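Structure first, then comments.
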Amino acid sequence: MEHNDKIAFMVHPVNVEGLYFILGRYFPFVQRIPLFYLKGLIQKLPPFKFLNIRRIKSTTGKTVDGIIVVCPLLPEHFVSMPQQVVINKILRGAQISQELGAKILSLGGFTSIFSNQGLDICNKLEIAITTGNSYTASLVVEAILKASNFMNIDLSKSSLTILGGTGDIGKACAQVLGRKVNSMNLIARDQDALADVRRELENVCSARINIGRLEDKYLENADIIICSTSSITTLIDSQELKRGALLCDVSLPPNVARNIKKKRKDIFVFEGGYAKLPFYNEIDNVIFKKYFIHENIFGCLAESIILALEGNFVNYSLGRGNITVEKMNHINLLGKKHGVHLAPFFCSNQVFQDDDLRSFSQAIN
Ligand SMILES: NC(=O)c1ccc[n+]([C@@H]2O[C@H](COP(=O)([O-])OP(=O)(O)OC[C@H]3O[C@@H](n4cnc5c(N)ncnc54)[C@H](OP(=O)(O)O)[C@@H]3O)[C@@H](O)[C@H]2O)c1
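In case it helps, my numbering puts the sequence shown at residues 16 to 380.
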């Protein structure tokens, strides 16, 4: 049997369907437990290995294996349980990854956000840790540039709004796109933190930078909106949005109500931060392949895969606000070297080919 380097990815259910999907694999009777009790039960459940994945192959011929570890908490638990209890649980999941031979661990979803983007656990581990946010942010930027091109949006005249402007991914995107757009509106709840980010970005960005809250009407005139927040509830639903706007939802759980597509046929909504692996069909694990709709994997998972394919087991993205443009470009180029690319645009069950974007653009212009 071949011995490949191993990556680990820590996930958690982002909603009730995800919870039943993950637990149902080991405990078939779980469907019969009323949700109220199940939510109580999982808080006491320790992290566990969910899947072994074999043969994640690069176009260079190099192959890595992986494991998926589950931190059994829903987003509502991450925000409501005592912080130290949550951190201990994430740390245990990381230790399991290490015990099972992984050399690098990507922290998925809220496991990165609630471990202070990995900083709270990295010193207690021997394996490398990454949030995967550098690659995720680079994919978001790449998607925005591609979609703007299709939609004939002149970036130099456009207005960009980022929900989660002080966040790790939001700020990273702002660093790149703030050099291309005309005005940039950064949204978060903590206005002091926003003012700090604005001061920092004003040194490197050409765009006029506004800061504010969701209620401050920075959505209605935006040509491009990126949602990258840690909110556990929907933030964009019935607000006024500009005709022809691009709306990219990176957040998990989502920030954008998915039925917005039905109500607003004149805006382009897609899920951001996803990558496509080469040789997806050769990956040895049916459940893994079922887990990722349209074969698009999270950018944060892809980051550890790319680093492992390079044999570079380092803490790549760690701590909030440390992502640089150079790091984003570097990991994106490494991805391409291994055949890992930006995923096609999609939203829920709908995938958009380039022709769909062209027709959409013609219809609204
Ligand atoms: N697609 C992927 O592959 C992928 C990869 C990694 C992460 N993600 C998702 O991306 C999102 C962002 O991750 P991150 O690591 O950048 O998180 P983060 O560093 O914790 O940043 C979260 C940001 O959201 C803001 N925020 C939280 N609640 C808000 C609200 N109600 N209204 C407005 N702003 C709010 C925060 O500021 P305030 O607290 O001041 O409001 C902060 O700016 C998460 O949902 C995560 O699960 C997706």
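Beta carbons are placed, not taken as given, at the ideal position from N, Cα and C, and that holds for glycine.
None of the values given here were measured: they were computed from a predicted structure.
Reduced DSSP category for residue i - H, G, I as helix; E, B as strand; rest coil
i: S95; result: helix
i: R40; result: helix
i: K139; result: coil
i: E297; result: helix
i: N311; result: strand
i: Q132; result: coil
i: Q368; result: coil
i: V29; result: coil
i: I240; result: strand
i: V355; result: coil
i: I144; result: strand
i: G81; result: strand
i: K21; result: strand
Neighbour-count burial assignment, residue i, 16 or more Cβ in a 10 Å radius
i: N50; result: It is Leu, not Asn, that sits at residue 50 in the sequence shown. Burial call: exposed.
i: F44; result: exposed
i: D80; result: buried
i: K291; result: buried
i: I308; result: exposed
i: K351; result: exposed
i: L53; result: buried
i: H92; result: buried
i: H353; result: buried
i: S27; result: For the record, residue 27 in the displayed sequence is His; it is not Ser. Buried, by the Cβ-count rule.
i: Y41; result: exposed
i: N274; result: exposed
i: G180; result: buried
i: A203; result: buried
i: G185; result: buried
i: S171; result: exposed
i: Q387; result: The structure shown does not extend to residue 387, since the chain spans only 16 to 380, so no value can be given for it.
i: D369; result: exposed
Selected residue, minimal CA-CA separation from residue i, among the options
i: A117; options: N347, V366, L201, S319; result: S319
i: K349; options: I57, Y150, N67, T78; result: It should be noted that the sequence gives Leu, not Lys, for residue 349. Minimum Cα distance to L349 is reached at Y150.
i: A23; options: I142, E91, N347; result: I142
i: E230; options: V219, R214, I251, D211; result: I251
i: A272; options: I247, R258, Y289, D370; result: I247
i: N138; options: L106, A317, S363, S243; result: L106
i: A162; options: A260, L322, H27, I298; result: A260
i: Q365; options: T146, R335, E310, N347; result: E310
i: I224; options: N148, A189, L34; result: A189
i: I226; options: N236, D211, L120; result: D211
i: C220; options: H18, V340, L134, I83; result: V340
i: F65; options: N300, L134, D20; result: N300
i: H345; options: C362, N327, D135, R335; result: N327
i: A237; options: I168, L322, F361, F63; result: I168
i: I68; options: K276, F303, F361, L316; result: F303
First through last residue of the beta strand (DSSP E) which encompasses residue i
i: R69; result: 63-72
i: A176; result: The identity of residue 176 in the sequence shown is Thr, whereas the question assumes Ala. That run of the beta strand (DSSP E) goes 174-178.
i: M199; result: 198-202
i: L261; result: 261-264
i: T151; result: No beta strand (DSSP E) holds T151; the alpha helix (DSSP H) holding it covers 148-165.
i: K291; result: 289-291
i: F328; result: Looking at the DSSP string, F328 is not in any beta strand (DSSP E), and its letter there is neither H nor E.
i: L348; result: It is not in any beta strand (DSSP E) - L348 instead sits in the alpha helix (DSSP H) that spans 340-352.
i: I119; result: 119-122
i: E286; result: 283-286
i: C362; result: 360-362
Close beta carbons around residue i, own chain, < 6 Å, minus the five adjacent residues each side
i: L38; result: V45
i: L175; result: L192, V196, M199, I239
i: H356; result: K291
i: P359; result: V366
i: Q254; result: L234
i: N347; result: S153
i: V329; result: A143
i: Q155; result: The residue you asked about is not Gln; residue 155 is Val in the sequence shown. Around V155: C188, V265, G287, G288.
Residue interval of the alpha helix (DSSP H) (run including residue i)
i: N225; result: It is not in any alpha helix (DSSP H) - N225 instead sits in the beta strand (DSSP E) that spans 223-227.
i: I57; result: 50-59
i: D252; result: No alpha helix (DSSP H) contains D252, which DSSP labels as neither H nor E.
i: L209; result: 206-217
i: D183; result: 183-192
i: I275; result: 275-278
Chain-order list of residues whose beta-carbon lies under 7 Å from that of residue i (same chain, five-residue window excluded)
i: Q113; result: L140, E141, I142
i: A222; result: G193, V196, N197, S198, M199
i: I312; result: Y289, A290, L292
i: H78; result: Note that residue 78 is Thr in the sequence shown here, rather than His. So the qualifying residues of the chain are N19, R70, I71, K72.
i: L324; result: S73, K77, V79, H353
Residues near residue i by beta carbon distance below 8 Å, same chain, minus five either side
i: Y233; result: T176, N200, I202, N225, G227
i: Q98; result: F129
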